[in-house]
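Scroll down for the structure; my scribbles are underneath it.
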Amino acid sequence: MSTPAVINDMKYLYNCYMKEFIFAFVLSLMLNTTAYSEPKKIAILYDEVFLTHFTGENHPENAERLKAVVSDLRKNNELVPHLLWPPIKDIDKPILELVHDTNYIALVEKEVAAIQDGEITYLSTGDTVISKNSLSVAKKAVAAAINGIDGIMNDKYESAFVLSRPPGHHATTSRGMGFCIFNQAAIAARYVQDKYSLKNILIVDFDVHHGNGTQDIFYDDASVFYFSVHQHPLYPQTGRPEEIGFGNGLGYTLNVDMQKGAGDNEFQKVFAEKLVPIMDKFKPEFIIISAGFDSHSGDLLGGLEYTDKGYKQVANLLKKIAQKYASGRQIYILEGGYVPENISSSTQAILSVLKK
Ligand SMILES: [Zn+2]
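In this text, residue positions in the sequence shown follow this note's numbering: the first is 2, and each later residue adds one.
What follows is the structure in structure tokens.
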């Protein structure tokens, strides 16, 4: 019995096209597999120049703060495959001017330029020690945050952690104080709005001290929500719960006092009960975290009792907010923290949450 013509036609078509089809199918699987096997990583923004902001012999804000965390991160086998250490590209002065007055920037330039090798002095605006390299270090710290934002927005990094010094959250538009020169977190917020046209930005600050500079910069601004949880009473004494913003910014600043001795339960509870419900209304498109580990138990300057477990819980909660509203976009920027081992262990705890 001869094969019906229709079957012969099907065999002919199979011979002609099936090989090409199978080849295309396998190729597409390979391409997908290649893309899947390389998930985005977490960028650690660090540069050795950060060690050269010399603050004198017994100052708590010193280079040792960064050495332990950098060395421990490079040895952490669970984290190493998830981390990138990109070089930090410098920024131009207009980026500083997104937040700071030109007169203030000129003042820092002038005062630092007058310092001799090995000499230290105070910035005339407040209690911030400066030395010969302080201006270039402070600019590099801002650049680190900006590089992190660019990498996240251009889909190169999953998230970013800036390990820089000096800290920034006490710096106002026109005044460096509290060990701070430029306000990295505030500049990062303005930059992500300015360059990438994102509107609603959340800044979370869990340093033991209130970030008076950040609050001041955005006090009348409804596009940047500032949430600070800090010990009270403590330097700089601002951040009372009744400070809730002004004008258009009314309701976009939220301060929570912590009593000396407060621990992980109180820490986590404040975020779950106060921040989460408000973010369901504010819907942040990018989250910037002023990560100060002087709220860690045993700190030299703080009196709170948070542990790595508490930072981990809070990081989990922030990650959920970021995933819900901000396509996962978040950057941690180191602020205070004066026991190097605590900065190291808490940073690793947070990174274990950020890695996929
Ligand atoms: Zn602090």
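Cβ coordinates follow ideal geometry from the N, Cα and C atoms, glycine included.
What does a CB cutoff of less than 6 Å around residue i pick up in its chain, not counting 5 residues either side in sequence?
| i | result |
| --- | --- |
| PHE162 | ILE45 and TYR333 |
| LYS282 | none |
| GLN314 | GLN269 |
| VAL205 | PHE228 and ILE290 |
| GLY264 | GLU306 |
| ASN63 | THR56 |
| ALA223 | ASN249, GLY250 and TYR253 |
| TYR339 | PRO61, ASP295, ASP300, LEU301 and LEU302 |
Check residue i in the structure and name its three-state DSSP category.
| i | result |
| --- | --- |
| TYR339 | coil |
| THR239 | coil |
| SER377 | There is no way to answer for residue 377, as the model of the chain reaches only from 2 to 357. |
| SER160 | strand |
| ASP265 | helix |
| SER229 | strand |
| SER345 | helix |
| LEU251 | coil |
| LEU203 | strand |
| SER353 | helix |
| ILE245 | coil |
| ASP222 | coil |
| ASP309 | helix |
| ASP73 | helix |
| VAL143 | helix |
| VAL50 | helix |
| VAL257 | strand |
| GLY214 | helix |
| LEU99 | coil |
| LYS90 | coil |
| VAL323 | Going by the sequence as given, residue 323 is Ala instead of Val. If DSSP states are grouped into helix, strand and coil, ALA323 belongs with the helices. |
Give the DSSP bridge partners of residue i, in chain order.
| i | result |
| --- | --- |
| LEU85 | ALA44 |
| SER132 | ILE121 |
| ASP151 | DSSP lists no partner for ASP151. |
| VAL138 | Beta-bridge pairing links VAL138 to no other residue. |
| TYR333 | PHE162 and ILE290 |
I'd like to confirm something about residue i: is its beta-carbon nearer than 8 Å to some heavy atom of ligand 1, or not?
| i | result |
| --- | --- |
| GLY303 | yes |
| GLU336 | yes |
| LEU138 | At residue 138 the sequence reads Val, which differs from the Leu that was named. Flag unset: Cβ of VAL138 not near ligand 1. |
| VAL163 | no |
| GLY177 | no |
| PRO341 | no |
| ASP295 | yes |
| PRO285 | no |
| VAL100 | no |
| PRO168 | yes |
| HIS233 | no |
| HIS60 | no |
| HIS210 | yes |
Going by beta carbon distance, what residues of the same chain come within less than 8 Å of residue i, once the five residues before and after it are set aside?
| i | result |
| --- | --- |
| ARG330 | ILE153, MET154, SER160, GLU286, PHE287, ILE288 and ALA323 |
| TYR123 | THR129, VAL130 and ILE131 |
| ILE351 | PHE162, ALA292, TYR312, LYS313, ALA316 and TYR333 |
| PRO237 | HIS171, MET178, GLY179, HIS210, HIS211 and ASN213 |
| LYS94 | ILE106 |
Only counting the same chain, and skipping five residues up and downstream in sequence, which positions put a Cβ closer than 7 Å to that of residue i?
| i | result |
| --- | --- |
| THR34 | Residue confidence is low: THR34 scores 47 on pLDDT, short of 50, so the model does not pin down where it sits. No coordinate-derived value is stated. |
| GLU342 | ALA69 |
| ILE218 | VAL100, THR173, THR174, ASN184 and ALA187 |
| GLY248 | ASP221 |
| ALA36 | The predicted model places ALA36 with a pLDDT of 46, which falls under 50 and marks its position as unreliable; any figure quoted below should be read in that light. Closer than 7 Å at the Cβ level, and outside the excluded window around ALA36, lies no residue. |
| ASP195 | LEU99 |
| GLY304 | GLN232, LYS261 and GLY262 |
| THR53 | ASN134 and VAL138 |
- request: Return the chain-ordered ranges of every beta strand (DSSP E) run that is complete within the stretch 271–306 and spans a minimum of 3 residues.
  value: Fully enclosed beta strand (DSSP E) runs of no fewer than 3 residues occupy 287–292 of the stretch 271–306, in order along the chain.
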